[in-house]
Amino acid sequence: MSAQGSCCHSVESQVRDPICGMGVNPLDAKHRSDYAGKTFYFCCAGCKAKFDAEPARHAQAAPPRMNMHGHSHAGATVKDPVCGMTVDPAATTHHAEHDGHTYHFCAASCRQKFVAEPALYLQERRVLQAPVRGAIYTCPMHPQVQQDHPGDCPLCGMALEPMMPSLDEDDAGEVRAMSRRLWLLIALTLPVFLLAMLPDMGMHVPAWASWLEASFASIVVLWGGAPFFARGWRSLKPWQPNMYTLIAVGTGVAWLYSVLALLVPSIFPAGFRDVHGRVGVYFESAAVIVTLVTLGDFLEWRARRRTGAALKALLGLVPKTARRLSKGAEHDVPLDEVQVGDQLRIRPGEKVPVDGVVLSGRSQVDESMLTGEAMPVTKAPGDALTGGTVNSQGALTMRVEKVGASTVLAQIVAQVAQAQRSKAPLQRVADRVAAWFVPAVIAAAALAFAGWAWWGPEPRLAHALIAAVAVLIIACPCALGLATPISIMVASGRAAQHGLLFKDAAAIEAMREVDTLVLDKTGTLTEGQPTLSSVQALAGHSRQFLLGLAASLEQASEHPLGKAITAAAKEEGLSLQAVHDFEVHVGGGVSGSTQEHRIAFGNAQLMELADLSLTAETLAGADALRHDGATVMFLGIDGKLAGLFGVSDRIKQDTPRALQDLKADGMRIVMLTGDHATTAHAVARELAIDEVHAGVSPAGKAAVIEQLRKQGRRVAMAGDGINDAPALAAADVGIAMGHGTDVAMETAQVTLVKGQLSGILRAHKLSQATVRNIRQNLFFAFIYNALGVPVAAGVLYPLFGITLSPMVAALAMSLSSVSVVGNALRLRKFS
């Protein structure tokens, strides 16, 4: 049976052996029998002999056809505890009882092994299932906080998230629930806000409007703000006051004050009544704060889920099933059942499921997810295979050597997850301030209440309450909460206009301090697409003649090098000839014939196979092309060497100027690539790059980044491939090219939409301006508190008789927010 035939036969077409119930591929089955107009297929000669002895009985009891997952349509399936094969309990005739449980087996041999040593096989299954545990949840800001269930961080109040995502996770339900909650809060808050604004517009508000305002605001505060109050309360137990402590205190006091003002207005002095004799309420302040904080939490939650999407994309690189060879038959099994030592079949176009070594077959394997290089790699018996790579051409048989967490791809996922958890967002500045600010504000409010209650004029209690409320309202964390997000919002919008996408505030904070820029080669410094760079004609042939013949031969090939040759011929308007006897030489090249010539096109090994001798002069010319960073191919015509072709990945047009500007800005440039050293150094010489690391694996790239950081360097890494993901996550700032893989863009903190390195310098300058703006915002947020809190507490009353009512406190609070927003809007002028 050919590989092509096997590839075209889907798992859906599998049938069950009517004797043992094992899945059998009819196209590959060597044992079959015809009975009653039907063909039955068997996994081995023994099953066929049993069927032939009593065909009527076995045909009647034959299991139904298998579905895509290897499961019977008749009912549920279980796993054979010995070999791990899927077994239909109703179809198999092999069962055994042990410790009160019934176990089912695919064959008598498995049953015999289990009966002899049941504890051994049950222990093995437990070991294999051990990595499948419940998710561990951790805090994005405090990685040391870990628990086995969802919840809130006791230090900062942030919602915990899984350390490792799962492909089975579905966030759609949670997104809908959070969206409904947010929109309901907005719907309740808008009427409260509008009703509060009517008096300022000179409009009369009926008495019932206050009760409506109080009802809606109470729902928002008590129901919508319940998580904030819970987090604020929990922050007091370990005495780690944070932003949620401020939010809980500010909104709680504003709401409680308003409730008292509405229900028992008589306790307030006449000086705090409006022209209608009513005491002012601040339901709108409490409701708006709760709604805005909920919006911020929702946006932050969605941003953090994008980092999980990067890991999910990595996990999705491996197939969910593997085609295992057992007892001369092939059958698909779930990936978690594959064990070290198993033999797997990898058909053309399929992904390699786990790490292992080639046992038989030859093929080209696309390893771009590891190396970032578009050129497929030839694989032959004894060569290593990595899970997640793609088998391009021939069929391979491999032996499994690593599964689960020990595979290369699993280690990449772990490295990305660990690096992402190590990043600290810029918002922790506000939490550090809150650690002393919250106690100070509460103490000031308490002192104000005590001072007015002891020394104040009558009614002392009312004055004391008003002073305490004024202190807490003017210290409400609106401006403090806006200080970072509003600058990030404006800066992100301005950056997007320049083709820059910042993922979060942490990227902006870190980008301003970068002094070392690490660059991947393929797709970052270069275009990432092989193109024809040179043609050296020999034996008197013309360049156009050689290119036309090579392109005619390669027009039937899917190899990236062949596509480069064909594209060059089409650009030059060359006509292509029909080719017959076309043949692909795996790892060598292609050959075929036109009406006039026999052609061979490929590497030196193919030339030797075609009995074409390479002279010393020809080899020297090939070495010169390689020294310039090109891949060399030879063209043979009618048994004679006719030309040398150089295919290279061209440097982007804007790369030289961008690197000059970056070096002028004080950055050290390092190139980090999985490509060969000769090609890498050729590119480095042309671009005057300071340091080169070539032939580096994904884990090695991350190790180089860590070494640079240990030297005290602030490192930014720019890349575009899956292989760059660990390094992008390990760097202080990861920068992805906009044309790169989804995994690279999800892992990175900055994305260059246009894929131009000049954007890195602009990102560096913008981050400096943004962090400076955030610090200014924090100053504006606190200067109002520094001046307003003492005034609200009544320090000016003994000298000037000045007090600060809650209405004025709310106005001052609003002014602080306006100042912060106005200052942040200056970033729109950044160019």
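Sequential numbering from 1 applies to the sequence shown in full-length UniProt numbering. All residues carry an ideal CB built from backbone N, CA and C; glycine is no exception.
*Check whether Asp661 and Ser758 have beta carbons under 8 Å apart*: Here the question's residue 661 lines up with position 661 in the sequence shown. Here the question's residue 758 lines up with position 758 in the sequence shown. Yes, the Cβ-Cβ distance between Asp661 and Ser758 is below 8 Å.
*Which word fits Met671, buried or exposed, when buried means at least 16 other C-beta atoms lie within 10 angstroms of its C-beta?*
Position 671 of the sequence shown, counted from the first residue, corresponds to residue 671. The residue is buried, with at least 16 neighbouring Cβ atoms inside 10 Å.
*Rounded to whole angstroms, how far is the Cβ of Thr386 from the Cβ of Val408, which I believe are closer than 8 Å?*
In the sequence shown, counting from the first residue as 1, residue 386 sits at position 386. In the sequence shown, counting from the first residue as 1, residue 408 sits at position 408. 5 Å between Cβ atoms; contact.
*Roughly how many angstroms lie between the CA atoms of residue 869 and Leu614, to the nearest whole one?*
Limits of the chain in this structure are 1 at one end and 831 at the other, which puts residue 869 out of reach.
*With Glu401 as the anchor, note down where its beta strand (DSSP E) starts and where it stops.*
On the sequence shown, residue 401 is found 401 positions in, with the first residue counted as 1. Note, Glu401: beta strand (DSSP E), Leu396 to Lys402.
*Identify whether Arg713 lies in helix, strand or coil by the three-state DSSP scheme.*
Reading the sequence shown from its first residue, position 713 is the one you call residue 713. Correct three-state label for Arg713: coil.
*Confirm, please, whether the CB-CB distance from Ile247 to Val279 is below 8 Å.*
Counting from one through the sequence shown, the residue named residue 279 turns up at place 279. Counting from one through the sequence shown, the residue named residue 247 turns up at place 247. Result no, Cβ atoms of Val279 and Ile247 do not sit closer than 8 Å.
*Are the Cβ atoms of Arg494 and Gln768 separated by less than 8 Å?*
Here residue 494 corresponds to residue number 494 of the sequence shown, with the count starting at 1. Here residue 768 corresponds to residue number 768 of the sequence shown, with the count starting at 1. It is not a contact, given that the beta carbons lie outside the stated cut-off.
*Please report the residue range of the beta strand (DSSP E) in which His681 lies.*
Numbered from its first residue, the sequence shown carries residue 681 at position 681. From DSSP, His681 is part of no beta strand (DSSP E) but of the alpha helix (DSSP H) over Ala677 to Leu687.
*Which residue comes first and which comes last in the beta strand (DSSP E) that contains Lys379?*
Within the sequence shown, numbered from 1, the residue matching residue 379 stands at position 379. Run containing Lys379: Val377 to Lys379, per the beta strand (DSSP E) assignment.
_Please report the straight-line C-alpha distance between Val288 and Thr189, rounded to a whole angstrom._
Numbered from 1 along the sequence shown, position 288 holds the residue referred to as residue 288. Numbered from 1 along the sequence shown, position 189 holds the residue referred to as residue 189. Cα to Cα, the separation comes out at about 6 Å.
*Answer yes if the stretch 578-596 comes into contact with the stretch 647-666, meaning at least three C-beta pairs across the two stretches below 8 Å, and no otherwise.*
no
*Could you give the distance in angstroms between the alpha-carbon of Ala682 and the alpha-carbon of Val390?*
Start at 1 with the first residue of the sequence shown, and residue 682 comes out as number 682. Start at 1 with the first residue of the sequence shown, and residue 390 comes out as number 390. Computed Cα separation, rounded: 29 Å.
*asked:* Judging by CA-CA distance, which residue of Ala475, Phe645, Thr397 and Gly394 is the nearest neighbour of Ser533?
replied: On the sequence shown, position 533 is the one that residue 533 refers to. Minimum Cα distance to Ser533 is reached at Phe645.
*Assuming Ile486 contacts Ile508 under a Cβ cut-off of 8 Å, what Cβ separation, rounded to an integer in Å, is found between them?*
For this step, residue 486 is matched to residue 486 along the sequence shown. For this step, residue 508 is matched to residue 508 along the sequence shown. Their Cβ separation, rounded to whole angstroms, is 13 Å, which puts Ile486 and Ile508 out of contact at 8 Å.
*Span of the beta strand (DSSP E) holding Thr92?*
One-based indexing of the sequence shown puts residue 92 at position 92. Thr92 -> no beta strand (DSSP E), and no H or E assigned at all.
*How many whole angstroms separate the CB atoms of Asp702 and Pro726, which I take to be in contact at a CB cut-off of 8 Å?*
Walking along the sequence shown from the start, residue 702 turns up at place 702. Walking along the sequence shown from the start, residue 726 turns up at place 726. In the sequence on display, residue 702 carries Ala and not Asp. Ala702 to Pro726, Cβ: 4 Å. Contact.
_Contacts around Ser392, its chain only, beta-carbon distance under 6 Å, and the 5 residues preceding and following it disregarded_ = Here residue 392 corresponds to residue number 392 of the sequence shown, with the count starting at 1. Around Ser392: Gln364, Asp366 and Pro376.
*Straight-line Cα distance separating Gly225 from Thr251*: As a working mapping, residue 251 is identified with position 251 in the sequence shown. As a working mapping, residue 225 is identified with position 225 in the sequence shown. Approximately 8 Å, taken between the alpha carbons.
*Minimum C-alpha distance to Trp255 - residue among Trp233, Trp223 and Arg231*: To locate residue 255, count along the sequence shown from 1; it is residue 255. Nearest of Trp233, Trp223 and Arg231 to Trp255, Cα basis: Trp223.
*Could you name the residues that DSSP lists as bridge partners for Ala329?*
Along the sequence shown, read from residue 1 onward, the residue named residue 329 stands at position 329. Note: Ala329 sits in a beta bridge opposite Ser326.
_Considering only their Cβ atoms, is the gap separating Thr524 from Met178 smaller than 8 Å?_
Taking the sequence shown and counting its residues from 1, the one referred to as residue 178 is at position 178. Taking the sequence shown and counting its residues from 1, the one referred to as residue 524 is at position 524. For Met178 and Thr524, no; Cβs fall outside 8 Å.
*Taking three-plus beta-carbon pairs below 8 Å as touching, is the stretch 444-454 in contact with the stretch 778-786?*
no
_Test item: CB-CB of Ile669 and Leu519 under 8 Å_ = Taking the first residue of the sequence shown as position 1, residue 669 is located at position 669. Taking the first residue of the sequence shown as position 1, residue 519 is located at position 519. Going by C-beta atoms, Ile669 is nearer than 8 Å to Leu519.
_Given a cut-off of 8 Å on the beta-carbon distance, is the pair Ala448 and Val471 in contact?_
By one-based count along the sequence shown, residue 448 stands at place 448. By one-based count along the sequence shown, residue 471 stands at place 471. A contact, by the Cβ cut-off of 8 Å.
*Nearest CA to the CA of Met667: which residue from Leu465, Thr516, Tyr41 and Ala464?*
Here residue 667 refers to the residue found at position 667 of the sequence shown. Checking every option, the nearest Cα to that of Met667 belongs to Thr516.
*Could you tell me the distance, in whole angstroms, from the CA atom of Phe601 to the CA atom of Lys402?*
For the purposes of this step, residue 601 is identified with residue 601 of the sequence shown, where counting begins at 1. For the purposes of this step, residue 402 is identified with residue 402 of the sequence shown, where counting begins at 1. Those two C-alpha atoms are separated by around 37 Å.
*Residue range of the unbroken alpha helix (DSSP H) whose run includes Tyr797*: The residue you call residue 797 lines up with position 797 of the sequence shown. Residues Tyr797 to Phe800.
*Measure from the alpha carbon of His597 to the alpha carbon of each residue in Gly639, Glu330 and Leu606, then state which is nearest.*
For this step, residue 597 is matched to residue 597 along the sequence shown. Nearest C-alpha to His597: Gly639.
_Am I right that Pro89 and His104 are in contact with their C-beta atoms under 8 Å? What's the rounded C-beta distance?_
As a working note, residue 89 is residue 89 in the sequence shown. As a working note, residue 104 is residue 104 in the sequence shown. Correct: roughly 5 Å between the Cβ atoms.
*Taking buried to mean at least 16 other C-beta atoms within 10 Å of its own C-beta, is Thr631 buried or exposed?*
Within the sequence shown, numbered from 1, the residue matching residue 631 stands at position 631. Answer is buried; the Cβ neighbour count reaches 16.
*Along the chain, where does the alpha helix (DSSP H) that runs through Lys113 open and close?*
Within the sequence shown, numbered from 1, the residue matching residue 113 stands at position 113. Segment Ala108 to Ala116, the alpha helix (DSSP H) holding Lys113.
*asked:* Output needed for Ser697: all residues of its chain with C-beta closer than 6 Å, excluding positions within five of it in sequence on either side, in chain order.
replied: Numbered from 1 along the sequence shown, position 697 holds the residue referred to as residue 697. Correct list: empty, nothing qualifies.
*Bridge partners of Asn603, per DSSP?*
Residue 603 sits at position 603 when you count from the first residue of the sequence shown. Answer is none; Asn603 lacks a bridge partner.
*Per the contact definition of three or more C-beta pairs closer than 8 Å, is the stretch 259-268 in contact with the stretch 313-327?*
no
*Alpha carbon to alpha carbon, how far is Pro319 from Glu12? Give it in angstroms, no decimals.*
In the sequence shown, the residue the question calls residue 12 occupies position 12. In the sequence shown, the residue the question calls residue 319 occupies position 319. Its pLDDT being 33, under 50, Glu12 is placed unreliably by the model, and the measurement read from it follows with that caveat. Taking the straight line from one Cα to the other gives about 16 Å.
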